Amino acid sequence: MYKLVVPTSKPTPVKLAKENNAELTTVTNTFLGDTGEILLPSDLKKFQEYGGKKIYVTDDEAKQIRHFDSPGLLLMGFKPKSCLKTHYHLKPSMFLYPDEKAIEGSTRLCFAFLIQCQRRDYVPICRLISRNNDPPKFVALLPQEEQVDNRGFQIVPPGFHVVYLPFMEDIRNVKVDSKHNPSEALIEKSKEIIKKLQFAYHPESFENPVLQKHWRNIEALALNRDAPEEIIDYTLPTKDVIEKRAGRLIDEFKALLCPGTPEPNSGAMYGSPAKRPRVDDSAVPLTLQHEVATGQLPRYKVNVLKEFCKRNGIRCGSKKADIMEAIKRFYLEH
């Protein structure tokens, strides 16, 4: 099983000695509260309080209590795909793909299973134990067919998404006592606003601003700069675009929500558009043909790619994915 998406975190800081910058090793010891004597792992015991008494167990006994079965998947049955609800989401899914080296014949079995599940529109329900001493979990295997582009290259692999399912205790019974019933006009206006503000989401168009700021600060310290380089936070809403697409609808929504409220001045609610930092001329390459051929376009920022398009007369959209597609078309045509 593989993780298709893993959050990128800041690297773990390394502790150094102040005198010579030598790397320090952290040592943790357990002390006896009365005498200060250092305790070894063999001196420690675990207990569970039950009926007012402490029931002591050894490490081996604790491992046996946690052990349910050997690691693996156990098929429990099948359910229609429609039974897999979005609100069952418990945590990020894994991806199941056969490994012929580890289990001979697993490829044929997996793909035959995949074809039948797709044909019947069913999902297998399994019990999963990931590793030794892990508690069992119920999962649904959501089939995914292979997808290739017009050149025959695989863009989506075949396999199963391992979707974790909640137990009965994991589903909360939230009682909502709503005293506010919106009118049909307000609901319809909300739908119009949502429709106007929809856009195609591409993860490669958004850098994590927390990580980018972290790296800029480290870079400034390493190069003895007075201040770190400014970053563009693409997670912030583009107020001018919101005003252009749905400004009138938002005003109408507010008029329905709070009738009699005076209309705000145009642009007062959304403020002035965010200023974009000026692009450094040296950061804009003369050609991107090599990057297009090697798939390295995503490493450039949106403002750099936009400036490149502007200088070469390339018509493009505002999203990074659209800009990269326009640059690729430019080199295919030339």
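The sequence shown begins at 1 in the UniProt record's numbering and counts up by one. Using N, Cα and C, we set each Cβ at its ideal position, and we do this for glycine too. Keep in mind the model is a prediction, meaning the values are calculated, not measured.
{"Item": "Local conformation of ILE232 per DSSP, three classes", "Value": "coil"}
{"Item": "Contacts around residue 416, its chain only, beta-carbon distance under 6 Å, and the 5 residues preceding and following it disregarded", "Value": "Given that the chain is displayed from residue 1 to residue 334, the structure contains no residue 416 and the question cannot be resolved."}
{"Item": "Residues that THR30 bridges to, as DSSP identifies them", "Value": "LEU39"}
{"Item": "Burial state of TYR2 (16 or more Cβ within 10 Å)", "Value": "exposed"}
{"Item": "HIS161: first and last residue of the uninterrupted beta strand (DSSP E) it sits in", "Value": "159-164"}
{"Item": "Local Cβ density within 10 Å of GLY159, reported as buried at 16 or more and exposed below that", "Value": "buried"}
{"Item": "Closest residue to PRO136 among ILE65, ILE38 and PRO209 (Cα-Cα distance)", "Value": "ILE65"}
{"Item": "Cross-strand partners of LYS137 (DSSP beta bridge)", "Value": "LEU128"}
{"Item": "Reduced DSSP secondary structure (H/G/I, E/B, other) of ARG175", "Value": "Residue 175 is actually Lys in this sequence, not Arg. Note: LYS175 maps to coil in three-state DSSP."}
{"Item": "PHE95 - containing beta strand (DSSP E), residue span", "Value": "94-96"}
{"Item": "Among HIS202, ALA102 and ALA62, nearest to ASP322 - alpha-carbon criterion", "Value": "HIS202"}
{"Item": "VAL210 (DSSP reduced to helix, strand or coil)", "Value": "helix"}
{"Item": "Nearest neighbour of ARG131, chosen from LYS63, TRP215, LYS53 and SER42 [CA to CA]", "Value": "LYS63"}
{"Item": "DSSP state of GLN116 mapped onto helix, strand, coil", "Value": "helix"}
{"Item": "Length of the line joining the Cα atoms of ARG172 and THR8", "Value": "30 Å"}
{"Item": "Exposure label - PRO182; buried when at least 16 CB within 10 Å", "Value": "exposed"}
{"Item": "Cβ neighbours of ASP233 in the same chain (closer than 7 Å, five flanking residues each side left out)", "Value": "PRO209"}
{"Item": "Contact under 8 Å by Cβ, LEU286 with LEU297", "Value": "no"}
{"Item": "Inter-residue spacing [alpha-carbon to alpha-carbon] between PRO166 and ASN303", "Value": "43 Å"}
{"Item": "C-beta atoms of GLU145 and GLN118 nearer than 8 Å", "Value": "yes"}
{"Item": "Beta-carbon gap between ILE115 and LYS79 smaller than 8 Å", "Value": "no"}
{"Item": "Sequence-distant residues of the same chain with beta carbon closer than 8 Å to ILE327, five excluded per side", "Value": "LEU288, VAL292, LEU297, LEU305, PHE308, CYS309, ILE314 and CYS316"}
{"Item": "Range covered by the alpha helix (DSSP H) that runs through ILE55", "Value": "It is not in any alpha helix (DSSP H) - ILE55 instead sits in the beta strand (DSSP E) that spans 53-57."}
{"Item": "Rounded C-alpha distance that separates PHE153 from ARG120", "Value": "27 Å"}
{"Item": "Paired residues, beta bridge with LEU24 - DSSP", "Value": "DSSP, once it has assigned bridges, lists no residue as partnering LEU24."}
{"Item": "Straight-line Cα distance separating VAL148 from ALA268", "Value": "Below a pLDDT of 50, predicted positions are generally treated as unreliable, and ALA268, at 49, falls in that range; the measurement from the model is reported next regardless. Roughly 48 Å between the two C-alpha positions."}
{"Item": "Inter-residue spacing [alpha-carbon to alpha-carbon] between PRO98 and LEU84", "Value": "23 Å"}
{"Item": "LYS244, enclosing alpha helix (DSSP H) - first and last residue", "Value": "239-257"}
{"Item": "Secondary structure of TYR50, DSSP reduced to three states", "Value": "strand"}
{"Item": "Whole-angstrom distance between LYS239 and ILE129, CA atom to CA atom", "Value": "48 Å"}
{"Item": "LEU74 classed as buried or exposed, judged by whether at least 16 other C-beta atoms fall within 10 angstroms", "Value": "exposed"}
{"Item": "Paired residues, beta bridge with LEU142 - DSSP", "Value": "HIS161"}
{"Item": "Beta-carbon proximity of LEU141 to VAL156, cut-off 8 Å", "Value": "no"}
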